[in-house]
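There are 2 protein chains.
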Amino acid sequence: MLRTVSLIQFGFGGVGRAVASRILTAAAPFKRRYGLRLRYVALCDSRGAVVEPQGLSEDHLLHLLDHKREGRSLISARGGRARENLTEIIEQAGVDETVVIDVTATDETTAALKLALARGHAAVLANKKPLTGSMDDFRELTASGRLRYESTVGAGVPVIATLSETLLAANDAIQRIAGCFSGTLGFLTTGLQAGGAFSALVREAYEKGYTEPDPRDDLGGMDVARKALILARTLGWSLDLEQIEVESLYPAELASGSVDAFLDALSGLDDAYRERVVAALSRQHTLRYVAALEDGAARVGLQSVPLESPLGQLQGTDNLIAFHTAIYDPNPLVLQGRGAGVHGTAAGVLADVVRLSL
Amino acid sequence: MLRTVSLIQFGFGGVGRAVASRILTAAAPFKRRYGLRLRYVALCDSRGAVVEPQGLSEDHLLHLLDHKREGRSLISARGGRARENLTEIIEQAGVDETVVIDVTATDETTAALKLALARGHAAVLANKKPLTGSMDDFRELTASGRLRYESTVGAGVPVIATLSETLLAANDAIQRIAGCFSGTLGFLTTGLQAGGAFSALVREAYEKGYTEPDPRDDLGGMDVARKALILARTLGWSLDLEQIEVESLYPAELASGSVDAFLDALSGLDDAYRERVVAALSRQHTLRYVAALEDGAARVGLQSVPLESPLGQLQGTDNLIAFHTAIYDPNPLVLQGRGAGVHGTAAGVLADVVRLSL
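Okay, here's the thing in structure tokens:
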């Protein structure tokens, strides 16, 4: 008995291609293990789309992967066409048992996701934007229980599943959540702990490609704040992004100007950060960039944590989350692993697709 | 729209009562959050049963909890009767949408579980025995996908969900699993690392109630071996308990005799263990009692692991599992938390009930 689930995917960049590749290689094991066949009925990038209500053949999908790898749009691909409104694609391609996958980084998918859910489809998001806009949007998107978003926090590390399906589903009382959700800032704080200079570490991370093209997008903390907001809302809190206290690692006067000028100016911060690191170490603490949720409030920023704590022991770019609950007391429930990268993110997406398909 | 799911529970000892208490306090939040109502239609202990196809009232359930807390059997409880065959209870009480909960520690529930599943019911096990018997039994019990068993490994820590619904569902390639699944042996190895004598540590664990009534049941490693077997079978391996290599922490000649004589005789092992600890520390390693799965084989025993590794950093009685996979490389995906105790186990059971009920 083979069950077929149709996929509509918004986004065909690095993560989107990794999802498609992973689905291709999973075809045989999923058929054997779950009696499940996944087939794309629509793929969209920012400019074009390929829609095939009968399902894209493996050959066609491989062709599209090659085509995109060469840097070309889906408009110009075999079967490609200029992209209409995403809602039209839902209307054209969405048949029974459809999962819509959103691996874009825009809030422009929200209306199409709502339409898909209203039609009874399921949805999987690696895209944080639709879930970090208005509280009304979050409620509407998640009300059906057919939308999953594991990859929005910690990539493939099962942070959301553990919060909602392990802790909330056991009616455990969650007292505090603390986590490190930025590999870039993990690299930075580990480097500071080892005695590195702040400006040199940011430059190294930038040159190694660990940061966004503009490192201020990492150092400002807004990406971590969005993850904290998703956790808070998953907890059932009614909270908006503006209500999260966010500590930026650079002062407001460096917010404008070129990346080069920004990197040069950072050396002026080295002494201040060194002092914070030394102060922390003097009491057996270290600095981590932490998202913390407690008593209805979420805060994101540099925190001094005990060296012996899970967050203090974390080294390098891995993500970590510690759930302090009535049951996990005094020691928290801890999850740790690679929390970024296209493969981890794509794995989280695929796991969500499977959970919704069985 | 309120959905009602009926529960039949085998076992009403410490864990069974914790499950029932947790279900009572979760009634209001589950109604609000999931539109879900859980009601007991049958409760069984080793001698008696209370069967109420219309559902036990909250008042009746509280009465039964009090009754059992006083050490009395369900035979003698309000509505109680001598226990028939468990399969008869399934036949009498099992209506639509029933979840059978097995929190016993016997393999005598297997036939009733099979019957329940064949009737379309779901099942949740904290009991390892039905899953660690024959491979045929394991296959028959798990084939439907309606049996969950999170609490059999690591209590409420989502070890099984992460393996099956995060890693296998993403078609990640699992290269190695290594974990510590015994709080008692964690206490022991942490104590050895700190310079404690083996015999004194076993006696302390025994006197503090960390061990089974006969500490040989912990030190022999068979409980950990059963957990390793459940992980191996969840991975899809066809393996039997006898095929697992198990290192016992005491020699065969101490297998018989009283507990007191056993505890006295352990001092003869102190020097040998101290030597192993010192040898490990000399190369920045420490000893942990590890279940390891790799290349189709499972081994359980004392291992020398790097102090800097997740297993080496683990202290005290917490459980830890490290999944080394294609995606989680070089650093594994790690879960850590309290892996024993009635509350963690009951939480894992309830989370499984909810997952099967939504």
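The listed protein sequences correspond, in order, to chains A and B. Position one of the first sequence corresponds to residue 0 (numbering that gives the first Met the number 0), numbered consecutively onward. Position one of the second sequence corresponds to residue 0 (numbering that gives the first Met the number 0), numbered consecutively onward. Here a beta-carbon is modelled for each residue, glycine too, at the ideal position from N, C-alpha and C.
Start-to-end residues for the beta strand (DSSP E) that takes in residue i
| i | result |
| --- | --- |
| A:Gln8 | 2-9 |
| A:Pro28 | Element bounds for A:Pro28: not the beta strand (DSSP E) but the alpha helix (DSSP H), 13-33. |
| A:His120 | Taken as a continuous stretch (DSSP letters only), A:His120 belongs to no beta strand (DSSP E), as it is neither H nor E. |
| B:Leu360 | Outside the modelled stretch of chain B, which goes from 0 to 357, sits residue 360 of chain B, for which no answer is possible. |
| B:Gln91 | Run containing B:Gln91: none in the beta strand (DSSP E); it sits in the alpha helix (DSSP H), 85-92. |
| B:Thr97 | 97-101 |
Which residues DSSP lists as bridging residue i, in chain order
| i | result |
| --- | --- |
| A:Pro305 | A:His284 |
| A:Arg71 | In DSSP, A:Arg71 forms no bridge with anything. |
| B:Arg80 | B:Ala48 |
| B:Leu146 | B:Ala122 |
| B:Tyr327 | DSSP lists no partner for B:Tyr327. |
| B:Gly300 | B:Val289 |
| B:Arg36 | B:Thr3 |
Chain B within 9 Å of residue i, Cβ atoms only
| i | result |
| --- | --- |
| A:Glu149 | yes |
| A:Leu146 | no |
| A:Ile173 | no |
| A:Ala169 | yes |
| A:Leu357 | yes |
| A:Leu140 | no |
| A:Gly182 | no |
| A:Arg2 | no |
| A:Ala358 | As displayed, chain A neither begins before 0 nor continues past 357, which places residue 358 of chain A out of reach and without an answer. |
| A:Thr188 | no |
| A:Gly155 | yes |
| A:Asn84 | no |
| A:Arg36 | no |
| A:His120 | no |
Contact with chain A by residue i, beta-carbon distance below 9 Å
| i | result |
| --- | --- |
| B:Phe29 | yes |
| B:Val333 | yes |
| B:Thr165 | yes |
| B:Tyr39 | no |
| B:Tyr327 | yes |
| B:Arg32 | yes |
| B:Asp101 | no |
| B:Arg68 | no |
| B:His284 | no |
| B:Pro52 | no |
| B:Val277 | no |
Inter-residue CB distance, residue i and residue j (contact presumed, cutoff 8 Å)
| i | j | result |
| --- | --- | --- |
| B:Val49 | B:Ala92 | At roughly 10 Å, the Cβ-Cβ gap does not stay under 8 Å, so B:Val49 and B:Ala92 are not in contact. |
| B:Ile173 | B:Leu166 | 6 Å |
| A:Pro129 | A:Thr161 | Not a contact, Cβ separation roughly 22 Å. |
| B:Tyr272 | B:Leu191 | 6 Å |
| B:Val98 | B:Gly220 | At roughly 32 Å, the Cβ-Cβ gap does not stay under 8 Å, so B:Val98 and B:Gly220 are not in contact. |
| B:Leu23 | B:Ile100 | B:Leu23 to B:Ile100, Cβ: 14 Å. No contact. |
| B:Cys179 | B:Val353 | Not really, about 27 Å apart at Cβ, beyond 8 Å. |
| A:Leu253 | A:Phe261 | 6 Å |
| A:Leu228 | A:Ala177 | About 15 Å; that fails the 8 Å criterion. |
| B:Ser303 | B:Leu286 | 6 Å |
Extent of the continuous alpha helix (DSSP H) to which residue i belongs
| i | result |
| --- | --- |
| A:Ile229 | 221-233 |
| A:Leu162 | Where A:Leu162 is concerned, there is no enclosing alpha helix (DSSP H), given that its DSSP letter is neither H nor E. |
| A:Thr344 | 341-356 |
| B:Val373 | No answer is possible for residue 373 of chain B: the residues shown for chain B start at 0 and end at 357. |
| A:Leu319 | Counting along the chain, A:Leu319 falls outside any alpha helix (DSSP H), though it belongs to the beta strand (DSSP E) covering 318-324. |
| A:Arg175 | No alpha helix (DSSP H) holds A:Arg175; the beta strand (DSSP E) holding it covers 173-179. |
| A:Glu139 | 134-141 |
| A:Thr188 | 182-192 |
| B:Leu313 | B:Leu313 -> no alpha helix (DSSP H), and no H or E assigned at all. |
| B:Ala199 | 197-206 |
| A:Asp213 | Unbroken run through A:Asp213: none, as it is neither H nor E. |
Assigned secondary structure, residue i (DSSP; H/G/I helix, E/B strand, else coil)
| i | result |
| --- | --- |
| B:Ala41 | strand |
| B:Glu241 | helix |
| B:Gly295 | coil |
| B:Thr131 | coil |
| B:Tyr272 | helix |
| A:Asp254 | What sits at residue 254 of chain A in the sequence shown is Ala, not Asp. A:Ala254 falls in the coil class under three-state DSSP. |
| B:Val402 | In the structure as shown, chain B starts at 0 and stops at 357, and residue 402 of chain B therefore has no counterpart that could be examined. |
| A:Thr105 | coil |
| A:Gly267 | helix |
Under 8 Å by beta carbon: chain C residues contacting residue i
| i | result |
| --- | --- |
| A:Arg16 | Within the model displayed, chain C is absent; protein chains A and B are what it includes. |
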